[in-house]
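Beneath this line is the structure, given in structure tokens, with notes to follow.
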Amino acid sequence: MKISKQARRDGRDLFNACRVNGVLDEARVRDAVTRVIAAKPRGYLGALSHFHRLVKLDLDRRTARVENAVETSPELMKSIESRLTAQYGPGLNISYWVNPALIGGLRIRVGSDIYDGSVAGRLASLEASL
């Protein structure tokens, strides 16, 4: 389905109305969607489709996955959280995973950004260069 320019504008306006201090508010999102569905204004399906896309992109952008070869210490967790919050802003959902295949080091993924400081990543880049 092709989304019109007006529906894109409406979806973007709806998205911006659901943000509080730069962070998406889940309660506002639910309320906005129910109100739009109840009112059924012209082009609401396209606007909701674009709004859904923007919400999904924002959730991906606000999700961080930190992989470590061993269990992450609380001091390292605090350091990682403070640095990621400084770079990406507040409202970041950080999850920690143990991945023994990394051999050592960390791999951090925030949205589409990947920071790979693992031994496995360095070996893979070395193998690719040969």
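Residues in the sequence shown are numbered consecutively from 1, following the working numbering. Quick reminder that beta carbons are idealized off the backbone N, C-alpha and C, glycines included.
Here Ser95 is not near Arg122, since their CB atoms are 8 Å or more apart.
The criterion of a C-beta distance shorter than 8 Å is not satisfied by Gly89 and Gly11. Comparing C-alpha distances from Gly46 to each of Lys2, Pro74, Ala69 shows the shortest one belongs to Lys2. When DSSP reads this structure, Thr63 sits in a beta bridge with Asn93. Nearest Cα to Val29 within the set Ala17, Leu76, Leu84: Ala17. In this structure, DSSP gives Leu24 an extended state, which the three-state scheme calls strand. Here Val98 is exposed: its Cβ has fewer than 16 other Cβ atoms, across all protein chains shown, within 10 Å. With contacts defined as CB atoms closer than 8 Å, Ala69 and Gly117 fail to qualify as a contacting pair. When the Cα atoms are used, Gln87 and Ile108 turn out to be separated by approximately 13 Å.
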